[in-house]
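Residue numbers (this note's numbering), protein chains in the order written: chain A, 2 to 125; chain B, 2 to 125. Below is one structure, written out as structure tokens, with a few remarks after it.
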DNA sequence: TTTTGGTTATGCAAAAAAAGCATAACGGTG
DNA sequence: CACCGTTATGCTTTTTTTGCATAACCAAAA
């Protein structure tokens with residue numbers, strides 16, 4: 002019953018799912034894929050994002066299985082020990098999310114801002 | 002690697018959180034509150050929504066603690082065994098969500114629809 | 001005054017999910 | 001053909017979620 006928070010705000014998530022409602026991927030994996038693309042390594046990417054390798058590896062495997070195609074191409078060995086790069090479809094999916102957020106985010110933030118004053122009137 | 006799903010779609014969630022990012026409530030609790038309002042009973046509401054009483058009761062308690070005020074007023078005993086009604090602030094929060102979705106949903110669905118064709122081009 | 005009945009309240013056990021540790025498998029390179 | 005850094009994966013531990021069981025409550029009826 003003790004309210005230490007100053008105010009309330011609105012937030013949102015957008016994601017891709019199958020026609021039957023099974024989650025595929027959202028902002029987190031989108032950022033992850035971009036980091037993989039930039040680093041060329043799954044290990045480096047998860048460390049950069051603060052994720053655990055074990056879980057992320059499993060998540061990506063599940064996503065690809067649900068999609069029916071690969072988002073990343075992994076290889077072991079070599080000078081650098083191994084590497085991970087995006088597939089063509091992976092690249093296109095990242096680009097899609099880029100455009101999606103460019104499209105959605107500004108409008109949504111504007112709408113939220115308008116409603117926020119009303120929201121915080123309620124709690125006072 | 003077997004894709005049984007026909008196509009992909011976009012989905013989203015909107016919710017209220019504290020200034021520090023602690024979740025308060027989203028669509029599920031919004032609907033729950035409306036059902037409580039309509040039935041006058043927490044028990045009836047959770048059954049109608051397919052939720053478990055135990056968890057829902059705990060969730061509502063947590064939400065109220067985070068908000069710092071009550072959303073529902075509960076009483077035990079009496080002819081009907083007890084009842085639960087929305088407080089004034091609870092009513093206002095429900096009304097806020099009503100307006101929020103009226104405002105957001107149509108625009109978002111339209112934007113989604115435009116992008117969906119692009120998305121499904123990727124997977125083919 | 002006592003019983004009744006349907007609701008709210010909550011402890012506790014069981015099941016499921018997530019996190020994290022440890023270690024194997026790889027394979028190009030020197 | 002040994003090395004090294006990465007990918008791959010089993011398994012244990014921890015955390016979270018579910019769900020069962022049962023107490024507490026109290027206005028009205030008996």
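Note that the Cβ used here is the ideal one computed from N, Cα and C, for glycine as well.
Expected contact under 8 Å - CB spacing of residue i and residue j to nearest Å
{"i": "residue 93(A)", "j": "residue 123(B)", "result": "5 Å"}
{"i": "residue 90(B)", "j": "residue 72(B)", "result": "7 Å"}
{"i": "residue 74(A)", "j": "residue 53(A)", "result": "About 22 Å; that fails the 8 Å criterion."}
{"i": "residue 70(A)", "j": "residue 120(B)", "result": "Actually they are not in contact, since the Cβ atoms of residue 70(A) and residue 120(B) sit about 14 Å apart, beyond 8 Å."}
Cα-Cα separation, residue i to residue j
{"i": "residue 76(B)", "j": "residue 58(B)", "result": "13 Å"}
{"i": "residue 21(A)", "j": "residue 64(B)", "result": "30 Å"}
{"i": "residue 113(B)", "j": "residue 49(A)", "result": "31 Å"}
{"i": "residue 47(A)", "j": "residue 12(B)", "result": "25 Å"}
{"i": "residue 110(B)", "j": "residue 61(A)", "result": "28 Å"}
{"i": "residue 41(B)", "j": "residue 35(B)", "result": "10 Å"}
{"i": "residue 9(B)", "j": "residue 79(A)", "result": "37 Å"}
{"i": "residue 17(B)", "j": "residue 105(A)", "result": "18 Å"}
{"i": "residue 33(B)", "j": "residue 19(A)", "result": "26 Å"}
{"i": "residue 27(B)", "j": "residue 125(B)", "result": "34 Å"}
{"i": "residue 102(B)", "j": "residue 7(A)", "result": "24 Å"}
{"i": "residue 25(A)", "j": "residue 117(B)", "result": "15 Å"}
{"i": "residue 100(B)", "j": "residue 82(B)", "result": "34 Å"}
{"i": "residue 55(B)", "j": "residue 51(A)", "result": "34 Å"}
{"i": "residue 115(B)", "j": "residue 95(A)", "result": "17 Å"}
Neighbour flag for residue i against chain B, beta carbons, 9 Å
{"i": "residue 12(A)", "result": "yes"}
{"i": "residue 100(A)", "result": "yes"}
{"i": "residue 108(A)", "result": "yes"}
{"i": "residue 47(A)", "result": "no"}
{"i": "residue 86(A)", "result": "no"}
{"i": "residue 68(A)", "result": "yes"}
{"i": "residue 104(A)", "result": "yes"}
{"i": "residue 39(A)", "result": "no"}
{"i": "residue 123(A)", "result": "yes"}
{"i": "residue 34(A)", "result": "no"}
{"i": "residue 61(A)", "result": "no"}
{"i": "residue 20(A)", "result": "yes"}
{"i": "residue 75(A)", "result": "no"}
Exposure label - residue i; buried when at least 16 CB within 10 Å
{"i": "residue 85(A)", "result": "buried"}
{"i": "residue 23(B)", "result": "exposed"}
{"i": "residue 14(B)", "result": "exposed"}
{"i": "residue 30(A)", "result": "buried"}
{"i": "residue 108(A)", "result": "exposed"}
{"i": "residue 67(A)", "result": "buried"}
CB contact below 9 Å: residue i versus chain A
{"i": "residue 17(B)", "result": "yes"}
{"i": "residue 50(B)", "result": "no"}
{"i": "residue 120(B)", "result": "yes"}
{"i": "residue 64(B)", "result": "no"}
{"i": "residue 7(B)", "result": "yes"}
{"i": "residue 30(B)", "result": "no"}
{"i": "residue 93(B)", "result": "yes"}
{"i": "residue 25(B)", "result": "yes"}
{"i": "residue 81(B)", "result": "no"}
{"i": "residue 90(B)", "result": "yes"}
Residue i CB to nearest heavy atom of the ligand GTP below 8 Å
{"i": "residue 123(B)", "result": "Among the components modelled here there is no ligand, and therefore nothing to report on the ligand GTP."}
In the segment 25-79 of chain B, which residue ranges form an unbroken alpha helix (DSSP H) of at least 4 residues, counting only runs that do not cross its ends? 28-40, 43-50, 54-68
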